[in-house]
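Just add 637 to the spot in the sequence shown (first one is 1) and you have the numbering used here. For glycine and all other residues, C-beta sits at the position ideal for the given N, C-alpha and C. Here the structure comes first, spelled out in structure tokens, and everything after it is commentary.
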Amino acid sequence: LLILGFSFLKGKKLWGDSTTLFANYGHVQGLQKSNPVIINGLQVGTVFDIRTDKDMRNILVELTITKDVYIPSNSVCIIKSNPISTPSLEIRLGNASTNLKNKDSILTEKSAGLFDDVLKNVDPVLYEVKKSIRSIDTLLVNFNNILDPRAKNNIGASLQNLNGITASMMQSTASLQILLNTQTGALAKSLNNVSSITGNLAATNDNVTNVVSNLDKTTAKLAQLEFDKTLNQLNATITELQGIVGKINSSDGTLGKLMNDPVMYNNLASTGNKINLLLDDIRVNPKRYINISVFGKKANGSALMVPLPDTLNAPYYIQKVKTN
């Protein structure tokens, strides 16, 4: 009974025939005995034994296939990483007309981890973000050239803040890349620790396999996100804004003439001055404009020639009015 129980825990089939296959690896990524062997999401066997040379350059993994399945001779056995448990072996079926027999060796291939796939999609996005930031910086410099000195000072301070934000983003990007590094990053070390702790939970391999399948689907969805489309729309918006700034700078339209034509600006300031003078005169001498006296008394006093003292701090340009 003890022998039967030991064989069951090792993954051997108690009754009936089983197929033994051998796979050679240079690195097993924490693979352990009794880990599942999966074909198309279905467990068909387990890892029976793991042996290595004294120099640790070649690791021989013995697989026990307990289900009666045909495995083409050009099939490939890949180690699938698991972020919350020990790895598993996945056999990708080939198309050869001949099948592997008992005690044959199966082809092997190094598999990229889950986070390697994520990094392949993150790196191009980070490059496009840096490119967009440089375009925004150039746009702000051009816009700064058409403003008055006070506005230039304000925008200069904003650009300094933007440069600080850009430097922080670059530093954050570097930190993210270090964190996601699957070999030396802190995240990789944490995953290795988690893998060691959960190595004793091999009995829950079926549930872990479902979790890994869901993570693979999530990775595929992340790879399908339309980062390029969003960045293209951002670049198009920047191009349109550059066109608007160019028109303002070239004196096209009312806003361009107002900012670049001093004659128009002075005319508007003079008009504001006259309106202010008229309003002050109406307030001081209302009878000159509206006669509401019962006896018909005439308005006294002459018209104002300069604004009153309480309106000298008006926001528009004040010009002195000459008397004839």
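Hey, quick one: how far does the alpha helix (DSSP H) through Arg729 stretch, first residue to last?
On the sequence shown, position 92 is the one that residue 729 refers to. Here Arg729 belongs to no alpha helix (DSSP H); instead the beta strand (DSSP E) covers Ser725 to Arg729.
Quick check on this structure: which residue in Leu679, Lys738 and Phe685 has the alpha carbon closest to the alpha carbon of Lys708?
Mapped onto the sequence shown, residue 708 falls at position 71. It is worth fixing the name first, because residue 708 is Ile in this sequence and not Lys. Cα-wise, what sits closest to Ile708 is Lys738.
Taking buried to mean at least 16 other C-beta atoms within 10 Å of its own C-beta, is Lys866 buried or exposed?
Reading the sequence shown from its first residue, position 229 is the one you call residue 866. Flag for Lys866 reads exposed.
Where do the ends of the alpha helix (DSSP H) carrying Leu905 lie?
By 1-based counting over the sequence shown, the position of residue 905 is 268. That run of the alpha helix (DSSP H) goes Pro899 to Val921.
Which residues in the same chain as Leu700 place their Cβ atom closer than 8 Å to its Cβ, once the five residues preceding and following it in sequence are excluded?
If you number the sequence shown from 1, residue 700 lands on position 63. Around Leu700: Thr657, Leu658, Phe659, Ala660, Val674, Gly682, Thr683, Val684, Phe685, Cys714, Leu726 and Ile743.
How about Ile875 and Ser769: are their beta carbons less than 9 Å apart?
As a working mapping, residue 875 is identified with position 238 in the sequence shown. As a working mapping, residue 769 is identified with position 132 in the sequence shown. Yes, Cβ-Cβ distance for Ile875 and Ser769 is below 9 Å.
Taking the beta strand (DSSP E) that Gly682 falls in, what are its first and last residues?
Here the question's residue 682 lines up with position 45 in the sequence shown. Note, Gly682: beta strand (DSSP E), Leu679 to Thr689.
Cα-Cα, which of Leu730, Pro720, Glu765 and Leu777 is closest to Val882?
Taking the first residue of the sequence shown as position 1, residue 882 is located at position 245. Nearest of Leu730, Pro720, Glu765 and Leu777 to Val882, Cα basis: Leu777.
Candidates Asp690, Lys691, Arg688 and Ile696: which alpha carbon is nearest Gly663's?
Position 26 of the sequence shown, counted from the first residue, corresponds to residue 663. Looking at the Cα atoms, Ile696 is the closest of the given residues.
Could you spell out the range, first to last residue, of the beta strand (DSSP E) harbouring Lys740?
Sequence index remark: in the sequence shown, residue 740 carries index 103 (1-based). Unbroken run through Lys740: none, as it is neither H nor E.
Quick one: is Val900 buried, meaning 16 or more other Cβ sit within 10 Å of its Cβ, or exposed?
Within the sequence shown, numbered from 1, the residue matching residue 900 stands at position 263. Flag for Val900 reads exposed.
Sort out for me which residues DSSP pairs Leu697 with in a bridge.
Within the sequence shown, numbered from 1, the residue matching residue 697 stands at position 60. Paired residues: Asn661 and Arg688.
What residues match up with Pro709 in a beta bridge as DSSP calls it?
Residue numbering aside, residue 709 sits at position 72 when the sequence shown is read from its first letter. The partner list for Pro709 (beta bridge, DSSP) reads Asn736.
How many angstroms separate the CA atom of Ser832 from the CA atom of Thr846?
Against the sequence shown, residue 832 aligns to sequence position 195. Against the sequence shown, residue 846 aligns to sequence position 209. The straight-line gap from Cα to Cα measures roughly 14 Å.
Please classify Ser812 as buried or exposed, where buried requires at least 16 other C-beta atoms within 10 Å of its C-beta.
Residue numbering aside, residue 812 sits at position 175 when the sequence shown is read from its first letter. Exposed, since its Cβ has fewer than 16 Cβ neighbours within 10 Å.
Considering only the alpha carbon of each residue, which of Asn830, Ser712, Ala873 and Asn677 lies closest to Ala733?
Indexing the sequence shown from 1 puts residue 733 at position 96. Out of Asn830, Ser712, Ala873 and Asn677, Ser712 has the C-alpha closest to the C-alpha of Ala733.
Work out the CA separation of Ser772 and Leu868 for me, nearest whole Å.
In the sequence shown, residue 868 corresponds to position 231, counting from 1. In the sequence shown, residue 772 corresponds to position 135, counting from 1. Between Leu868 and Ser772, the C-alpha separation is close to 12 Å.
According to DSSP, is Lys747 part of a helix, a strand, or is it coil?
Position 110 of the sequence shown, counting from 1, holds the residue named residue 747. In this structure, Lys747 counts as coil in the three-state DSSP scheme.
Among the candidates Gln680, Arg688 and Ile687, whose CA atom is the shortest distance from the CA of Leu702?
For the purposes of this step, residue 702 is taken as the residue at position 65 of the sequence shown. Rather than Leu, the amino acid found at residue 702 in this sequence is Ile. For the residues Gln680, Arg688 and Ile687, the minimum Cα distance to Ile702 belongs to Gln680.
Assign Ile770 to one of three DSSP states: helix, strand, or coil.
Counting from one through the sequence shown, the residue named residue 770 turns up at place 133. Ile770 falls in the helix class under three-state DSSP.
Going by the DSSP bridge assignment, what does Lys717 pair with across the sheet?
Position 80 of the sequence shown, counted from the first residue, corresponds to residue 717. In the DSSP output, where bridge partners are listed per residue, Lys717 has Ser725.
With a threshold of 8 Å on Cβ separation, who are the neighbours of Ser655 within its own chain once the five nearest residues in sequence on each side are excluded?
On the sequence shown, position 18 is the one that residue 655 refers to. Answer for Ser655: Lys649, Gly682, Thr701, Ile702 and Thr703, listed in chain order.
Taking Cβ to Cβ, would you say Pro720 is nearer than 9 Å to Leu871?
Indexing the sequence shown from 1 puts residue 720 at position 83. Indexing the sequence shown from 1 puts residue 871 at position 234. Cβ distance not < 9 Å, so Pro720 and Leu871 don't count as in contact.
Around the C-beta of Val921, are 16 or more other C-beta atoms found within 10 angstroms, so that it is buried, or is it exposed?
Your numbering for residue 921 matches position 284 in the sequence shown. Answer is exposed; the Cβ neighbour count stays below 16.
With DSSP run on the structure shown, which of helix, strand or coil describes Ser655?
The sequence position of residue 655 within the sequence shown is 18, counting from 1. Looking at Ser655 - three-state DSSP - the assignment turns out to be coil, as it is neither helix nor strand.
Span of the beta strand (DSSP E) holding Ile675?
The sequence position of residue 675 within the sequence shown is 38, counting from 1. Ile675 -> beta strand (DSSP E) spans Pro673 to Ile676.
Among all the DSSP beta bridges, which residues are the ones paired with Ile702?
As a working mapping, residue 702 is identified with position 65 in the sequence shown. Paired residues: Thr656 and Gly682.
Using C-beta distances below 7 Å, list every residue in its chain close to Glu746, excluding the 5 sequence neighbours before and after it, in chain order.
To locate residue 746, count along the sequence shown from 1; it is residue 109. Within the same chain, Glu746 has close Cβ partners Val713 and Ile715.
Which value, in whole angstroms, describes the spacing of the CA atoms of Asn971 and Asn886?
What the structure shows of the chain is the stretch from 638 to 961, and residue 971 is not part of that stretch, so it cannot be assessed.
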